[in-house]
Structures are given as structure tokens and as C-alpha cells.
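2 protein chains.
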Amino acid sequence: MVKITDVARHAGVSPSTVSYALSGKRPISEETRQRIEDSIRELGYRPHAGARALASSRSNVLALVVPLRAGIHVPVVMQFAVSVVTTARRHDHDVLLLTQEEGEDGLRRVADTALVDALIVMDVQLHDRRLPLLRALDRPSVLIGFPAEPDGLTCIDLDFQAAGEVCVEHLAGLGHRVIALVGSPPEVYVRETGFAQRVVRGFTAAADRHGLSSSVHPCEAEPAAARQVAEQLLRERPALTGVVVHNEPIVEPLIDAFEQLGLRVPGDLSVTAICPDELAGRVPVPVTSVAIPSDEVGAGAVELLMKKLGGAAAPEATLLPPRLTVRESTGRRP
Amino acid sequence: MVKITDVARHAGVSPSTVSYALSGKRPISEETRQRIEDSIRELGYRPHAGARALASSRSNVLALVVPLRAGIHVPVVMQFAVSVVTTARRHDHDVLLLTQEEGEDGLRRVADTALVDALIVMDVQLHDRRLPLLRALDRPSVLIGFPAEPDGLTCIDLDFQAAGEVCVEHLAGLGHRVIALVGSPPEVYVRETGFAQRVVRGFTAAADRHGLSSSVHPCEAEPAAARQVAEQLLRERPALTGVVVHNEPIVEPLIDAFEQLGLRVPGDLSVTAICPDELAGRVPVPVTSVAIPSDEVGAGAVELLMKKLGGAAAPEATLLPPRLTVRESTGRRP
DNA sequence: AGATAGTGTCGAAGCGCTTCGACGGGGAAG
DNA sequence: CTTCCCCGTCGAAGCGCTTCGACACTATCT
Chain A
1 MVKITDVARH
11 AGVSPSTVSY
21 ALSGKRPISE
31 ETRQRIEDSI
41 RELGYRPHAG
51 ARALASSRSN
61 VLALVVPLRA
71 GIHVPVVMQF
81 AVSVVTTARR
91 HDHDVLLLTQ
101 EEGEDGLRRV
111 ADTALVDALI
121 VMDVQLHDRR
131 LPLLRALDRP
141 SVLIGFPAEP
151 DGLTCIDLDF
161 QAAGEVCVEH
171 LAGLGHRVIA
181 LVGSPPEVYV
191 RETGFAQRVV
201 RGFTAAADRH
211 GLSSSVHPCE
221 AEPAAARQVA
231 EQLLRERPAL
241 TGVVVHNEPI
251 VEPLIDAFEQ
261 LGLRVPGDLS
271 VTAICPDELA
281 GRVPVPVTSV
291 AIPSDEVGAG
301 AVELLMKKLG
311 GAAAPEATLL
321 PPRLTVREST
331 GRRP
Chain B
1 MVKITDVARH
11 AGVSPSTVSY
21 ALSGKRPISE
31 ETRQRIEDSI
41 RELGYRPHAG
51 ARALASSRSN
61 VLALVVPLRA
71 GIHVPVVMQF
81 AVSVVTTARR
91 HDHDVLLLTQ
101 EEGEDGLRRV
111 ADTALVDALI
121 VMDVQLHDRR
131 LPLLRALDRP
141 SVLIGFPAEP
151 DGLTCIDLDF
161 QAAGEVCVEH
171 LAGLGHRVIA
181 LVGSPPEVYV
191 RETGFAQRVV
201 RGFTAAADRH
211 GLSSSVHPCE
221 AEPAAARQVA
231 EQLLRERPAL
241 TGVVVHNEPI
251 VEPLIDAFEQ
261 LGLRVPGDLS
271 VTAICPDELA
281 GRVPVPVTSV
291 AIPSDEVGAG
301 AVELLMKKLG
311 GAAAPEATLL
321 PPRLTVREST
331 GRRP
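Just so you know, the sequences run in chain order A and B.
Using the UniProt record's numbering, the letters of the first sequence map in sequence onto residues 1 to 334.
Using the UniProt record's numbering, the letters of the second sequence map in sequence onto residues 1 to 334.
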């Protein structure tokens, strides 16, 4: 293994000079720097991560805690993780993967052993058990999602409430008067995952504001459940002409179900969804939707952490504004 | 921060004794060990990962390289990653997440900086560019999937060839004489990803062996493409009664398409798939399938690495035997 | 009884890097 | 012509842990 002293000798300088040339923490003459860089390339030098971490008390590793529970759309998680890794690399950091399963102990472990410099926690619940720990930890963290009390924490997510509102406003603008929200599985609401409830709040508030008749329907992430909800809606709310779906796996099955029940989309019924663009675009009837910007959330989370690691203050709440893309599933009220 | 010298002082022993008590690399009297453990608990001691890595030249971290390309079923990747993390933790290791995107440089970087002790590489292609590097690296690695020349490498995967065979044998046993394989998207074959071609090989060999008439049809992972293939099959091979699907996203759409074209499953047509059990079980007609055992592959990969890290030899090839689960989509030839 | 072999513990020497204080030399300011 | 300061570099002191050799003891064998 080639080490910093080898490089120093080869370049005719002291080890500390090599270190400073690499970190830029002290000025080094252009000429010396060049010589050092040549030596590094020639010898194939790579600083030892452990030694670096020990001496600098920075590991340049971020922890990412991913959820693995029911009701969470896996591709979104994956996309998010990839975006975190990519952004972290751009800041010369790596990403350690933790599962929810490890729980609080896992967080404490990687923080206390100085394995990681900072943490990103996904799937935060309204009353998440990890919050006190994250507040107490001596390393910065960023949460994806909003707990009930975000004080002292840094959170980022799509503004789901605004997303719900935007969908309703789009429908209201097209003249619809009777609308419904087909939401996530009941357990998602029961365990109080903030984002699902925020959608409901936005949906309801906007509907009330516009004087629309609205209703909310949780739904399992199964085609069969989607069909049941569709039947129930036709039965109980025959005047319905607008639907907002917040449940990735059933966007397509639900539309199918409506069509099989004789409703044309968007002819008889307008449908909008809150889901990844990629999903919205590649179904038989491309769906007007508010995107879930996993990329931006992931990148944003890393940027926030970098800011905190740099000693700067980060805003407590970062809400990404919803962006509605009009596709073919919505039209004027028939 | 509490360090090993603090623990030593508190327990009235020397730091090295604490270290040996922790690692078990030298015998420590029961009494002393107890005293040390008490001190550790009382002080809340956690060894510093970097210091440990530096002194022992072991980071206790594994690298996991995940693919992010088209034609790869995301939930399988995720499930696999979770299984790797879980198993690694059981061996007191953590997992660093790398994306394919980083390529060979990424592998070299984490290996050369001693950030990780070993590597797991997913989505290996027949002529993968990373193979020479993996062979040359001074740390052990395990590949998920089989390249054309596995010499000197350690590989693990489902035995896809046998999986193809098992499906055919199941159909042959039910009396079917004309069968088809609906496969992965064309680009998967073009870029020579081993597993897809192995399925074809197993499928074809078994069909020939049983004197069946067989054909192979690559298919994009889109419902529309599935429908096209279904129509084409009805047109060109009207005597068809058995189908093997190796393409997760279209298992359900393909069956739908057949049924909409007037074929009952399994009444007129038997369908088997090679896909995760979870998918096979939760479609309208539960599908007879060979499972993709992500859990076992992930766990197996980690176990192999641990063996290699322990200095033991690991087999070059580990092929997990296919397991066929009979569900409702297959029956005797009409 | 003396030699032999374990046991259980300690001290010291690193592992490879960063960082702090120091210092020589040149230019600007007085 | 001093004095002061900044630039570029060096040496040395750690960062917190593991590990090697040594050593004192007890147990076992002749």
C-alpha cells in the first residue's frame, strides 16, 4: 500500500504538505502542488479512509435509513436512494445503507462509532419514536417527511397538502362539482404517516373553499380493492365526475375499473393522481398528475446535510412545491 | 467521547485487555471480562470505527453495487439489498451503497481507500467490464449472476437454466405439446445479461428433450407489448396451450390479454412464470411460478463473502435450485 | 524439585492521516 | 532600513484502536 509519506518522499516535500495540497486547507504554491499531483498519479496513491476518519473526525459517509413496510411504493424508495447516493458522491461522500428494522439502536450505533457524519431518515411518522434520539444525537440529520413537531429538526418533502389542493383546483377549474379522493391503505393513516393525511387535508380544504362536494376513501394497494372502491363510488355518489388518486399501485387498476363499469376517462370522469411521473406517463390513458419528485427530495436532503456539516444553519422545513402535469385523463365536466 | 482508555481505567485494567475482552482474540478471565462489560455499559462506550479500521485494517463494511437500468425489476433489487443488509448486520458488518453509475472507478476507490473489506456486485453481464478489476482487486467479491468466464470469481444466483427447464417439465407433465416463452425486453438479451439467456437455454433444451414445439418471444415490459405478443401468438401458433413468462411487469397484463382474446387461463392456456413469489401470488389468477429467491441470494452472497474474509475458500459457482410452486394458472392440456 | 506449558494481563509500538505551531523569506508599510 | 505581515512549508504531536512480545503465575509432567 502506498501512503502519504511515500508520496511526500517522491515529490520531495513533507507529508503535511501533501495533506494540505489535497485538502486545500492551506495555500500551496502552484509548482509544488503540481509535483505532488504528479507523484500521486504516478504512485497510484489513495488516502486510507480509516486513517483519515480517525485524524480528521470526519468519515465522509452518510447514513440512509430506508423503510421496508407495506404501503410504501418500492420504486420511489429506490429512486430516492439512488438520488441520495449520486448527490452524496458529488460532495465526496459515500452512503451507508440501514434498514428501518435496525431501529433506534442502529442510528445510535453508526453515529456513536463515528461511522457516519450525518443521517438521512426516510418514512418519518407523525409521532416517530426516533425523533428524540435524532434531536439528541451529536450529528446532523435530515428527515424525509414531516413529523407532528418538527422543532429542532430539519425536514424536507413534497408539499403534500399543496399537492392535494392543486389537484382539486385543477378539477374545480374544469367545472367539476362532485369529487372524491381515493387514498392510501387504511394502515397508512392509522400509523399516522404525515404525508397521507396532509393530502387529505389539502384535498378537503380546497374542496370546501370551492364549494365542491367531496369524500375520502382509503384503499388497499390491490386491483381488487380498487374495483370495489370504484363500484362503491358509482353506487353512493352517482354525480361524481372528478377523482384524485393517492396510491401508486392502483392508479391504473382504478381507471380500468371505472371504464369497465361504463365510465369513459376523461369523457365521463376526470382522474388526477399524486404519483411518480414515470408511472403517470406510461399507463393506457396518461394521467394528469402531481409528481413525487424523489430525485429532488433526495438531492435536497443531501444538500441540506452538507450545509449543516459545513456549520451553516439549515431551515427546519423545506416543502417542495407541487407541479401538476396535465395529461389525458382530465377534461371539462360533461 | 468515551474511549477505550476510559473503560480500562474504570475497570482497573489496561486498554489492551479491554480490546481482547471485546474481540475474544485472547483469553480473559470471566471475572475481568464481567468487570469490563459493566464499565462499558456504565460509560456507554462505543469503539471508534475509524480507529478500529486503521489499527486492524478491517472496516467491517461491505460494498453493494446496485443496478439502475431499464429492464430490471426494481422491487427485486430492493428486496435483495435489504436481505444483504440484514445478513451483513448479523455478521457485524455494514453496507455501503454504490450505484452502477460509478462504474469501475467506484469499485477501485472504495477498495483502495480501504473503505470496504469486500464487494457484492449485482447485475453482472456475460462480458462484464468490471470482471478484470474484480479479479485484480485485493479484496474478495461476490457476483450476483454469472459471467461467461467465472474463473477466479465467486458467483451466486438462481439456476435460471434449471428454472426454465422446470417450467417446461411442469407443462410437459400436464400434457402440453406446443409452448412458448415470453421473455425479457430485447435489450436485455442484446447486452448479454446471463440470466435471461440461461432461461432461454433451459426452456429450449427441455422442450427439445420432451419433443415439444417451442418458440421464444422477447417482450418489452409494457402492457401494450404484452397484448401484441399475445395476439401474435394466437395468430402464428394457434395450437399453443402452454406459456412461460420471464418478465415481471407483464405477467398480469399478458394473462389479461389472453383472456380478453377469449382464452381462459388455465382452461385453454396454462401459464407459468419466473418471478418473485409475492408477485405470483397476488394477481387475479395466482400464477404457477418459479420464485426468484432474492432473500436467499442476498443472504448467500454475504455468507460467501464472510467465508472468504475468514480466509476460507469459497466455491466459484453457487446455483440455487429452482422451486416451482403450483398455483391456479396451469392445468392439463384441454 | 525442576522443567514445561498454558493462562491472563500489561506496555509499547504502530496503523496512516490531519492539524497546530513554528519559521524562513519576501514585500509592503512606516 | 526596520517592522510587520503573509505566504509556503516543515516537524511533531496526536486521533483511538489493535496487536505483538513479554512476564508473572498456576498447573502439569517427569
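Where is the CB? At the ideal position from N, CA and C, for every residue including glycine.
When secondary structure is reduced to three states using DSSP, B:G194 falls in the helix class. Going by beta carbons, A:V168 and A:G183 fall outside the 8 Å limit. Measuring C-alpha to C-alpha distances from A:L98 to each of A:P75, A:E222, A:A63 identifies A:A63 as the nearest.
By the rule that beta-carbons nearer than 8 Å mark a contact, B:D159 does not touch chain A. Straight-line measurement puts the Cα of A:A162 at about 53 Å from the Cα of B:V7.
Chain-ordered, the chain B residues with CB closer than 8 Å to the CB of A:V95 read L96, L97. Residue ranges of uninterrupted alpha helix (DSSP H) with 4 or more members, entirely inside the segment 154-196 of chain A and ordered along the chain, are 160-173, 186-190.
DSSP places B:H217 in the uninterrupted beta strand (DSSP E) bounded by 213-217. Taken atom to atom, the span from the alpha-carbon of B:S56 to that of B:L181 is near 52 Å.
In the three-state scheme derived from DSSP, where H, G and I count as helix and E and B as strand, B:I274 is classed as strand.
By the CB criterion at 8 Å, A:V142 and A:L305 fall inside the cutoff.
A direct Cα-to-Cα measurement between B:R89 and B:A49 gives close to 15 Å. Counted as a single uninterrupted DSSP element, the alpha helix (DSSP H) harbouring B:T32 occupies residues 30-43.
A residue is called buried once 16 or more other Cβ atoms fall within 10 Å of its Cβ, and B:R26, having fewer, is exposed. Against chain B, the CB of A:V188 has no partner CB under 8 Å away; the residue lies outside that interface. According to the DSSP assignment, A:L134 belongs to the alpha helix (DSSP H) that extends over 131-136.
For B:S294, the closest C-alpha among the options B:G44, B:V85, B:V18 is that of B:V85.
At a cut-off of 8 Å between beta-carbon atoms, A:P75 makes contact with chain B. In this structure, the CA atom of B:E187 is about 14 Å from the CA atom of B:D123. CA-to-CA, the gap between A:V121 and A:V65 works out to about 5 Å. Measuring C-alpha to C-alpha distances from A:T241 to each of A:E220, A:R227, A:V271, A:V216 identifies A:V271 as the nearest. The C-beta of A:H127 has fewer than 16 other C-beta atoms within 10 Å across all chains shown, which makes the residue exposed.
Shown here, B:A55 sits in a helix according to DSSP, grouped into three states. Of all residues in the UniProt domain "HTH lacI-type" (2-56) of chain B, those with a C-beta nearer than 7 Å to a C-beta of chain A are R46, P47, H48, A49, G50, A51, A53, L54, reading in chain order. Of all C-beta pairs linking the segment 218-234 of chain B to the segment 133-150 of chain B, fewer than three are shorter than 8 Å, placing the two stretches out of contact. In summary, the residues of the segment 262-291 of chain B whose CB is separated from some CB of chain A by less than 9 Å are R282, V283, P284, in the order they occur in the chain. Interface with chain A (8 Å Cβ-Cβ cutoff): B:E248 is excluded. Exclusion of the five residues before and after A:E328 leaves V285, P286 as the residues of its chain whose Cβ lies within less than 6 Å of its Cβ. If you ignore the 5 residues before and after A:G44, its C-beta comes within less than 8 Å of the C-beta of V2, all in its own chain and listed in chain order. For A:G311 and B:H93, the gap between their C-alpha atoms comes out near 30 Å. Annotation: B:P321 to B:C275 spans about 14 Å, alpha carbon to alpha carbon. If the five residues before and after A:A314 are omitted, its C-beta is found closer than 6 Å to the C-beta atoms of T154, L304, K307, K308, all from its own chain and listed in chain order. Interface criterion met: the Cβ of A:A114 is under 8 Å from a Cβ in chain B.
Membership of B:L119 in the beta strand (DSSP E) is indicated by the continuous run 118-121. Beta-bridge annotation (DSSP): B:G242 is paired with B:I179, B:S270. Beyond the five residues adjoining it in sequence on each side, B:I4 comes within less than 6 Å, by CB distance, of P15, V18 in the same chain, given in chain order.
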